[in-house]
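Single-structure report; data block below.
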């Protein structure tokens, strides 16, 4: 006779779930305030840990099941008799099994089930945790079916519970599964903004490792290094190995080959990574090739023709340097001179109309708008005074960025006032986009730009966060909003805003 | 049936319509059975449902005004149906226009022996898409297979240009209609006609000239007969109609005589019955009408100046419209603009003649049946039916079919001139340049040769090209674009763009569109107008995508590829593709002139008045005399708008539309004035905000906050020096924000805010609760309990009505 | 999203019509109407045009718009300035990022997805 492990486990799981549900809903915690019109409301707390005693009892029961099952298997000598023992073992370590078995095999639904059964790493977030495992499994498939992606996405978006870090990572991995790597990067990067209480180490590690392997795949080793240095991400053997490889490929003398081998030994999946690590070890440390200059225009091109040639060449570069942009602008400044004016004047006479000055002005405007986006965020390595075209391009770019930031913030604010709610993941996406535009505005780097950009978000974004917290009950993402505002306010010395956001960020999750 | 091509042009006018036919050499006017060239645009429907059009219908306008309708052109595109109680039917404006077109079509058939299938119809220069598409619809209803539209001033210039040789230089078309005035500046160079610009006055027309004369007669009557009569009095309407007719007759008589009498015996004017006998002299008319004429001339001068021209540089002035026959107007035009008037042109039919000429340049042969059945190898030919070029290209291609093939081709003109001999290339195609004789039709014969040098018959064997002044493609009358969420317009086609046209742009959505949510809507408003701001342009259609039609949720910033397409008749189609899912949406939600209710118009009028007052105050403060002057003009126009709104209340839809346009134009003027005076205003604001915040920050802020504030003030200064409006506005907000933070640390701040909130008690959303809070607050004030005051004030704020929202200006667009 | 400099260059009317910026009014009209005729009859030669940014499809709408743009002397002057570079003059493509630095198998190696393409 076989011991009914399954039935016993089921009963225990149900009992513990009931116990955990009963311990929810405690009132009277402080709530976030908005500025300048603060909001407060009675609130409920939803995520409480199950009692430690319950977990222990559950685990002991399963352990008993495992030993009984294994014993039975050995005693009967029948391989089938190991079944119940293996099941109990799986139930004892479901997330681990999911991670090492189902995820690499790309079995999304089984991975989801494993996450759902887990009581350890994913306990604070369902369906985010299980969905993370499922999405991770999908990422392993060469061509995941739209149906399975939709299935996992459905699990995530149909949930009434607040979005947490694991949900965000799951959403990001789904983007990767869909082939939208740019989107996946943004989502996974954003999990660093969450409070560790709602984005545990295991969850962050998945995000960090994905980001680092993605950067390695594209050859962006400085970014790999930056990821391993960032305190927002937990340490991991994989990250350490990638960081070491990055050092070598970025031209650092350390680590030595021995060091590299050591990190390789610590990291998982050594067989797979051996060849690449050997290749890097064999390569002498080298500085990265400097960016090549623009191609020289063919003979006989001068004035606007030459300047146009250089502009088109510049535009073809993936990331032109500031000095290259400035050089092209100078060519234009020289071309748009008196000679051209006289030439255009003659043409206008021949054509029966047209204003040389207007035409040159229009071309200048077009150039300003075209050069702005080509300029790197910071103008480094430029000698001498900036040509007026670049000056104007910088102003135009700043104006465009700030106008964009204002428009987005105002829209978000208007939506909040109209109570036009978006699904929680879309709300978070809006925050991510706003943050991206904010960072771009700050990156302009001239004196006072960062505080000006912050002044645009300062009050409206707190209000939005308070709305997410109080009305939408999306506390983890609201908390992330407060945290990022607090960090900025502290960095800028805006004591008033820092105080308010610190208080808000301290509210219960 | 005629062997020659015939090209039909129709002027579908507000009061009169006319048609003309061009046969390649000459323009012939189409005559009605009564022998006149004008068909009154009036339609009558009797109890049996039979339709009467034109002069016969006009005679019944007075006897049976309920079943006889005129001036329906103004309602084109509004979708508003007109009642014919006797027949118990309702007809849309385009159905009525179709009746007029049918009548003209019948006249053409009578005179030329063929029912025309294709034609060109003229539309006012500023017709919008819904109006244009209603005109095309009318033509379809009237039995035309294909029509193209041309703007009236272009048609007039084309007709005027056709009749004169060496018509190079700048022209002006002065079109004074019954209710509106349009001036168009055109240019001819190298035989091509080009529109340079338009201007006009929507509130000036022949009717205004009649009104001043009627007013004069009424004043004289009041003075001599001791009765008080006002034109605005609705009780006088029937009598005034009669009086107006008498005045019109007198006006016409005065073009020949020095003086005449307005005679209406026993005229019933409301409660009074009067024998009207008022003497009207030519001097009276000159004195009364000169201000109106000057208004129109001012528009012309403005148009010329805008394009950098002086009146002296005009080579010709073409007059169009009935009222332009007035001697006072002609004299004054010559005096003030110093330009010779184009002679020998009939202002009443010039537009129709131009439309016929345009039909030729568009190759729109009116003959319905295919040409005579010919024998020979079939060939597709492309050539300009009418061209200004003296050596245009003829392009052809053999139709794929079995049988002997020509290897080369030559074109021979009717007078024996021969083109080069061109071989057919591997695609079976050829390109040949031909010489044409200026200003006449040139007939060419196709001569094909086979490989062995034998002649081979080709089908068609002949074609003809007319050389003369042309206009290649029908131009778009108003700039068409898509309104963006920030109230800007993304222009797709500029005014004057050649039709047909198609253009695609990529936009981004500004808000997330959630799959499955019906209330989540992506709105793409399509607007027409010459302004950068969408709210000043007119909404002519909209494409809407609802969440429940979507394949996937679209986050904000999703790309949408939008294609707008206009066919030669000006019909619009739009296609939006969601780039990420390649889902396509094509249905345009509306294509009607938006309705204008008198209430909404009145609201708009009030708002505009308030704005004028504000701007006037600002203008006085900054001593901007030019602004004060312009505001004076705006106020005058506002008076006219108000009158139109009054008429709109009485059910005059046309007046409502006119008022709406008027308000939009005023809005545009005010926006411009606003922009001009913005910077000094803003600077002033900045100075006062900085001084207000400085004292608060220095007293109540931390050193770090003080540093932040100093940075902001430096930013204000920098933006002021560089005159960067947006940057200054942003800096100003930052300064206020920091000042505010400091303000709330002031011990009096919360009591002050409490008092302010308490003073708005009556507008609170939950009055009993608010009253209780105010009582609590008062008690706390007495105790000096700041914490409670703060808590109470914050709670009061929450009871205040939701923040006033900015006007949804950009036609509620979801794109950027 | 007003067309920027690069769109303006790619869609320059002179390139669309295949003419030099010095072409006369008559030449423009003649070439334009010839191209329209050729497009209507589906001539292969007429289906594309060159700009320094490469080969682009030529449509009837584009030809018509190009003719209209060049009829206005004011607009024409700007187009002349933007068509200074002959259409035949293509710009060399930018060098690609160093391929030896890429490790497309990295996600596969550490369990984060399949090997990346190119």
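Chains as they are written, first to last, in this note's numbering: chain A, 65 to 573; chain B, 2 to 817; chain C, 74 to 191. Each residue gets a CB set at the ideal place from its N, CA and C atoms; glycine is no exception.
- Pairing residue 49 of chain B with residue 141 of chain C, the inter-Cα distance amounts to about 51 angstroms.
- Proximity of residue 113 of chain C to chain B, defined by a Cβ-Cβ separation below 7 angstroms, is satisfied.
- Counting only runs of at least 4 residues, the segment 328-355 of chain B fully encloses the following alpha helix (DSSP H) elements, listed from N- to C-terminal order: 328-338.
- In this structure, the straight-line span from the alpha carbon of residue 239 of chain B to that of residue 270 of chain B is close to 8 angstroms.
- Residue-level contact check: residue 141 of chain C touches chain B, since one or more beta carbons of chain B fall below 7 angstroms from its beta carbon.
- Taking CB atoms only, residue 463 of chain A has a neighbour in chain B less than 7 angstroms away.
- Closest option to residue 151 of chain A, judged by alpha-carbon separation, among A/128, A/168, A/169, A/172: A/128.
- Listed along the chain, the chain B residues whose CB falls inside 7 angstroms of the CB of residue 467 of chain A are 727.
- DSSP places residue 172 of chain B in the strand class (E or B) of the three-state scheme.
- Flagged as an interface residue toward chain A: residue 742 of chain B, by a C-beta distance shorter than 7 angstroms.
- Against chain A, the beta carbon of residue 125 of chain C has neighbours under 9 angstroms at 372, 373, 376, listed in chain order.
- In the DSSP secondary-structure assignment, residue 260 of chain B is bridged to B/282.
- Residue 561 of chain A is not bridged by DSSP to any residue.
- For residue 199 of chain B, the enclosing beta strand (DSSP E) starts and ends at 193-202.
- Taking C-beta separations shorter than 6 angstroms and ignoring five residues to either side along the sequence, residue 66 of chain B has no partners in its chain.
- With the rule of 3 Cβ pairs closer than 8 angstroms, the segment 485-499 of chain B does not count as touching the segment 442-455 of chain B.
- Between the segment 433-452 of chain A and the segment 384-393 of chain A there are three or more inter-stretch CB-CB distances shorter than 8 angstroms, so the stretches are counted as touching.
- Collapsing the DSSP output to three states places residue 291 of chain B in a helix.
- For residue 768 of chain B, the number of other beta carbons within 10 angstroms of its own is below 16, and it is reported as exposed.
- As DSSP reads the structure, residue 492 of chain B sits in a beta bridge with B/482.
- Rounded to the nearest angstrom, the gap between the Cα atoms of residue 571 of chain A and residue 611 of chain B is 47 angstroms.
- According to the DSSP assignment, residue 508 of chain B belongs to the beta strand (DSSP E) that extends over 502-509.
- The CB of residue 434 of chain A comes closer than 7 angstroms to the CB of 77, 78, 79 in chain C, given here in chain order.
- Closer than 8 angstroms at the C-beta level to chain A, one finds these residues of the segment 524-558 of chain B: 554, 556, 557, 558.
- In the DSSP assignment, residue 17 of chain B falls within the unbroken beta strand (DSSP E) covering 17-23.
- Residues of the segment 378-404 of chain B with a Cβ closer than 9 angstroms to any Cβ of chain C, in chain order: 381, 382, 383, 384, 385, 388, 389, 390, 391, 392, 393, 394, 395, 396, 397, 398.
- Per DSSP, the unbroken alpha helix (DSSP H) holding residue 105 of chain C starts and ends at 98-113.
- Apart from sequence neighbours up to five positions away, the residues of its chain that approach residue 120 of chain C with a beta-carbon distance below 7 angstroms are 130, 131, ordered along the chain.
- Nearest Cα to residue 168 of chain A within the set A/161, A/198, A/204: A/204.
- Leaving aside the five residues that flank residue 515 of chain B on each side, the residues in its chain whose CB is nearer than 7 angstroms to its CB run, in chain order, 521, 548, 554.
- Proximity to residue 266 of chain B across B/69, B/56, B/247, B/314 peaks at B/247, based on C-alpha coordinates.
- Under the three-pair Cβ rule at 8 angstroms, the segment 451-465 of chain A counts as touching the segment 424-438 of chain A.
- Residues of the segment 407-438 of chain A with a C-beta less than 8 angstroms from any C-beta of chain C: 408, 411, 412, 415, 416, 417, 418, 419, 420, 422, 423, 424, 426, 427, 430, 431, 433, 434, listed in chain order.
- For residue 515 of chain A, a Cβ of chain B is located within less than 7 angstroms of the residue's own Cβ.
- Remark: C-beta atoms of residue 359 of chain B and residue 197 of chain B do not approach each other more closely than 7 angstroms.
- The alpha carbon of residue 359 of chain A has as its nearest neighbour, out of A/369, A/287, A/374, A/245, the alpha carbon of A/374.
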